[in-house]
Structures are given as C-alpha cells and as structure tokens.
Amino acid sequence: MAKNKPIGVVYSTDPDFRYRYEEVEEAATLDPAGQDLRVMRDSKRRAGKTVTLVTGFVGTSADLEKLGKTLKTRCGIGGTAKDGEIVLQGDVRDKVCEILTKEGYRFKRAGG
C-alpha cells in the first residue's frame, strides 16, 4: 500500500552514504463490519479486458493481500491486490458479493 520514499539527497559520491527514508504509517485494519467496500466492473485502461474492482479497503497491505488471495482462490481466477484495491480478472461481481457477505464485510455493488 505505502512505499518508503527516499528524502533529501538524490545522488551522492560518498561511498558510505545511506539514504534516509520517510516513515509511512499504514492504517490499522478495520474489522469486516467496519469496512466500506465498493465492488464494480471496469474495463478502462485495460485494453478492453473486463475486471472486477474491490476498492475502499482500510488496513495494512498484508490484510489487503490476504483478502485478495481469499477472493482469487474462491473465485478460481487471477488478479492482484495493491494500492488499496483488489483487481480480479473477469466479471465476477456476483461471486465476490457472496463471498464478502459470508465473510461479514460491508459493501456496495456499483456499476450495474
């Protein structure tokens, strides 16, 4: 979700130089009933391929990837989980909504 970015110097000739990094805090993961997820279909910027997006997750990257893996495994498809959203290949909104309901997540289905 969040990457550490070097701050200060861009380049140094000092062989003992060490970059300093910003400390980026991740938000604590809310319980499933406290999440406000959006499930939608999308094909923009994807060469016409249809994907299912799950956005609005509040929590750590590890928990986002865990939820993404659960959805991918139960739907039997590929996808990715990064930058606060889960991208699943194909239009599987119905399956995703069923799985999220069984897991206790709050969500809204958007986009038709």
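All residue numbers for the sequence shown refer to my numbering, where the first residue is 261 and numbers rise by one.
Quick reminder that beta carbons are idealized off the backbone N, C-alpha and C, glycines included.
The segment 346-354 makes no contact with the segment 276-294; the number of CB pairs closer than 8 Å stays below 3. If you ignore the 5 residues before and after K355, its C-beta comes within less than 6 Å of the C-beta of C335, all in its own chain and listed in chain order.
Cβ neighbours of E363 within its own chain (closer than 7 Å, five residues either side excluded): P292. Of the other Cβ atoms in all chains shown, fewer than 16 fall within 10 Å of the Cβ of V269; this residue is therefore exposed.
For I359, DSSP assigns no beta-bridge partner whatsoever.
Here R301 is not near T315, since their CB atoms are 8 Å or more apart.
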